[in-house]
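Since the structure comes first, as structure tokens, the remarks are kept for the end.
Chains as they are written, first to last, in the numbering used here: chain S, 1 to 268; chain X, 1001 to 1268.
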């Protein structure tokens, strides 16, 4: 049986990675877990996010995937190293791919980053960027209102526009030439973000870039799928399956195979 | 001592990779070998190109590099698998990075590739693209006159313009939305190529994309340089050192440390 790429997120945000994996690597099978019962992760402590991430990885690892993708910037910042040390298959986060793409794209060296409170507070993008190049200037801004809007499926609403305008008021005054969408939920709002930032600022989607790096790493390890069959993907969510399904099918443009999951209390 | 990234090419083309490595990974030390005495590789048999590549790798491996980059598409097509099997450090070619970037960039799935006779004849890009996605359409075109123009340092001349116009006459009639510069010499001609192809066609530089993937792979292996010192790069060329130095310094925008090399006849 074809080994899948297991992708997880706090909710629907990681679907932006799934969509790009389906487009860039159409032979690959995907197993997805959206922790919609406990979204958003952004305001939580890093200990809690690490614990949640570990619980999801424990669930996904049972499917014998060939790779784990932490398609959530908050969880990447909190748990990537911990999970990488824990499992024996490759684990990819979404922060370094976005950082590398921004370093490749910038002409002026002035890079903006927007993300959740947890991601921005962790300083993970600034560290990743500075680790690659000491010459870049990084401006960061938390946008805590974006994830709830996307999780409600309201990303095309007038309210979404107003929230984006308001949240980006400060960062648009900086002379950046690219802006990292440092949260996998943000591509849902990309058109509005682009409009507010203006067309001289290149948006870097950590989701798109991660899909490309999944391709690079699987190729490097000789693990790209070679089959000719169309893979059947599997989706799991811990919250309301109706709203997850609606958002997923609209975003991916196809019907999905969804199994709701319940977190059960345990004293162990 | 800092382990270098060893980069090789048939001549000055791989300097386009060097420039991007210096920009995207300013902490990394580079050792470069340009086989200007035997350029161009494009019209040679793949056996001969494999032999030449092996000779250069034998030379470079003595410097104990952490990675070998075959920054020549012709040599990648002819020798990547062979060299990878021969040495114990990671070996990166320039074909897959360009293919992955094109798959990521294309909206219509119609991708053009230009390269040397050897690269196009090998079908290596079409294979790499189809291996990733069966849905892409690939149009290829050999441009054998480009490398000699670049090696002569005439890439900004009127003659260069005429040659580019003439060589791309056919491929510009296809409805492609991106064009892979499938030869590391071609970024020297990028402005002219962009002008001829029109601004609706996105140029994908296998050189830029390779630099980014060097970053991905070194990060994945925990081998990125961490020092704060400015690395001192070393360049070697087998042909006329004056013309190599002139082109390299103009392209890189800095003085280089060049040692000429002579291929010696041997009966062993």
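Quick reminder that beta carbons are idealized off the backbone N, C-alpha and C, glycines included.
Remember, predicted model here, so these are calculated numbers, not experimental data.
Residue i, DSSP secondary structure in three states
i                       : result
residue 202 of chain S  : strand
residue 1148 of chain X : helix
residue 41 of chain S   : coil
residue 153 of chain S  : coil
residue 1112 of chain X : strand
residue 1094 of chain X : coil
residue 967 of chain X  : Residue numbering for chain X in the displayed model covers 1001 to 1268; residue 967 of chain X lies beyond these limits and cannot be assessed.
residue 186 of chain S  : helix
residue 1008 of chain X : strand
residue 135 of chain S  : coil
residue 140 of chain S  : strand
residue 164 of chain S  : helix
residue 174 of chain S  : coil
residue 1261 of chain X : coil
6 Å CB neighbourhood of residue i in its chain, flanking five on each side removed
i                       : result
residue 245 of chain S  : 258
residue 1096 of chain X : 1128
residue 118 of chain S  : 42, 74
residue 1209 of chain X : 1097, 1098, 1101
residue 1205 of chain X : 1181, 1187
residue 116 of chain S  : 42, 74, 183
residue 1157 of chain X : none
residue 53 of chain S   : 75, 79
residue 1132 of chain X : 1103
residue 1224 of chain X : 1218
residue 46 of chain S   : 78
Beta-carbon separation (whole angstroms), residue i vs residue j, contact threshold 8 Å
i                       : j                       : result
residue 1023 of chain X : residue 216 of chain S  : Rounded, the Cβ-Cβ distance is 19 Å, inconsistent with contact.
residue 33 of chain S   : residue 15 of chain S   : The Cβ separation is near 11 Å, so there is no contact.
residue 1171 of chain X : residue 1093 of chain X : Not a contact, Cβ separation roughly 23 Å.
residue 1057 of chain X : residue 1087 of chain X : 7 Å
residue 125 of chain S  : residue 104 of chain S  : Residue 125 of chain S to residue 104 of chain S, Cβ: 15 Å. No contact.
residue 1168 of chain X : residue 1196 of chain X : 5 Å
residue 10 of chain S   : residue 72 of chain S   : 5 Å
residue 238 of chain S  : residue 38 of chain S   : 7 Å
residue 1278 of chain X : residue 1252 of chain X : Outside the displayed span of chain X (1001 to 1268) sits residue 1278 of chain X, for which this structure offers no information.
Same chain only: Cβ atoms within 7 Å of residue i, ignoring 5 sequence neighbours per side
i                       : result
residue 1021 of chain X : 1005, 1028, 1030, 1211, 1214
residue 1148 of chain X : 1040
residue 1050 of chain X : 1078, 1079, 1082
residue 1194 of chain X : 1203
Beta-carbon contacts of residue i that lie in its chain and below 8 Å, excluding the five residues immediately before and after
i                       : result
residue 1055 of chain X : 1263
residue 163 of chain S  : 145, 146, 149
residue 65 of chain S   : 3, 4, 5, 6, 31, 89
residue 256 of chain S  : 233, 235, 245, 248, 249
residue 1175 of chain X : 1108, 1110
residue 1130 of chain X : 1136, 1138
Could you tell me which whole alpha helix (DSSP H) segments of length 4 or greater appear in the segment 35-88 of chain S? 46-61, 73-86
When you check each C-beta in the segment 26-44 of chain S against every C-beta of chain X, which residues fall closer than 9 Å? 26, 27
Within 8 Å of chain X by C-beta, residues of the segment 109-134 of chain S in sequence order: 131, 132, 133, 134
Can you give, in chain order, each stretch of the beta strand (DSSP E) that sits fully within the segment 221-255 of chain S and has at least 3 residues? 234-237
Quick one, which residues of the segment 80-100 of chain S are near chain X if we go by CB-CB under 7 Å, in chain order? 96, 100
Residues of the segment 198-217 of chain S in Cβ contact with chain X at a cutoff of 9 Å, in chain order, please. 208, 209, 211, 212, 213, 215, 216, 217
Going along the chain, which residues of the segment 170-181 of chain S sit with their C-beta nearer than 8 Å to a C-beta in chain X? none
Against chain X: residues of the segment 14-25 of chain S by CB proximity under 7 Å: 24, 25
Where the segment 1222-1251 of chain X meets chain S: residues whose CB sits under 9 Å from a CB there: 1224, 1226, 1228
What residues in the segment 1051-1072 of chain X bring their beta carbon closer than 8 Å to a beta carbon of chain S? none
Along the segment 1181-1192 of chain X, where does the CB come closer than 9 Å to a CB of chain S? Name the residues. none
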